[in-house]
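Residue numbers (our numbering): 88 to 272. Virtual Cβ for every residue (Gly too), placed ideally from N, Cα, C. Presented below is the structure to which this report refers.
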Amino acid sequence: MSNVANTLFSLVEMLDSLSIPYSVMGGIAVRAHGVPRPTYDVDLNIVIDREELPKLFSSLRRLDYEIPEPYEREWVDEVKGLKVLKLRRYLQGGSLDVDLFLVETAFQEEVMRRRMRAEAEGRMIWLVSPEDLVLFKLLAGRPRDLGDVYDVLFMQGPLDVQYMRGWAAKLGIASELERAIIDQD
């Protein structure tokens, strides 16, 4: 089993044991909803109260995660307006980056309501919907992310465009979504 799959499954098992709802996004979700491609990290949304973070950190340490000291002092990183814990898991032969996005926005709450059970890496896990994956990828906006958007749109066929347009407007990525939709036609 690859380090990515091993990390994903051990993390999901730990989150389930702690009753922390999650949804997998990023490259792993692209592999499930779009064209499979290599991915070298793990990205999840998690629903957790900030006062429960020390308990989460304790469980993560038992799985060989490094918890940066600022997080211990209740600081949380931010990427594109989303709160995130940027962690590293040490494995035999290297390390792997893991980003845990804290569900603290209305968009992320909706993402969690829309998450779906799907197969990824040979197991059933909770994934973001293809529509929400497109929105996350447009929000990130890197060239690889834009390629992922086109792959998901191509592989999934018709998606809920009205849903995506509504959130794209609120997230400030409406023109990027329209460009992706037009390019697919």
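On the three-state DSSP scale, how would you describe residue i?
| i | result |
| --- | --- |
| Trp213 | strand |
| Lys224 | helix |
| Leu105 | coil |
| Glu196 | helix |
| Glu153 | strand |
| Gly181 | strand |
| Leu95 | helix |
| Lys167 | coil |
| Leu143 | helix |
| Arg204 | strand |
| Gly234 | helix |
| Val122 | coil |
| Arg252 | helix |
| Ile268 | helix |
| Asp219 | helix |
| Glu138 | helix |
| Arg229 | coil |
Measuring only the C-alpha atoms, how far is residue i from residue j?
| i | j | result |
| --- | --- | --- |
| Ala116 | Val215 | 7 Å |
| Ala119 | Gln243 | 10 Å |
| Ile260 | Met203 | 24 Å |
| Met88 | Asp186 | Reliability of the predicted coordinates at Met88 is poor, the pLDDT of 46 falling under 50, and no value is obtained from them. |
| Gly228 | Phe241 | 18 Å |
| Glu196 | Pro230 | 27 Å |
| Ala267 | Arg149 | 42 Å |
| Leu264 | Val248 | 9 Å |
| Pro141 | Gly209 | 31 Å |
| Glu161 | Phe144 | 11 Å |
| Gly121 | Gly114 | 10 Å |
| Tyr177 | Thr94 | 10 Å |
| Arg252 | Leu222 | 9 Å |
| Glu139 | Gln271 | 43 Å |
| Ala205 | Asn90 | 20 Å |
| Asn132 | Val171 | 9 Å |
| Leu233 | Glu165 | 21 Å |
| Leu98 | Pro245 | 32 Å |
| Trp213 | Ile154 | 24 Å |
| Glu157 | Leu102 | Correcting the residue type first, residue 157 is Pro in the shown sequence and not Glu. Distance between the alpha carbons of Pro157 and Leu102 is about 22 Å. |
Answer with buried or exposed for residue i, where buried requires no fewer than 16 other C-beta atoms within 10 angstroms of its C-beta.
| i | result |
| --- | --- |
| Gly168 | exposed |
| Ile269 | exposed |
| Ala255 | buried |
| Ala207 | buried |
| Tyr127 | exposed |
| Leu105 | exposed |
| Pro125 | exposed |
| Lys257 | exposed |
To which residues does DSSP link residue i through a beta bridge?
| i | result |
| --- | --- |
| Asp130 | Met112, Asp186 |
| Leu258 | Answer is none; Leu258 lacks a bridge partner. |
| Leu240 | Answer by DSSP bridge pairing: none, since Leu240 is not bridged. |
| Arg175 | Glu153, Asp184 |
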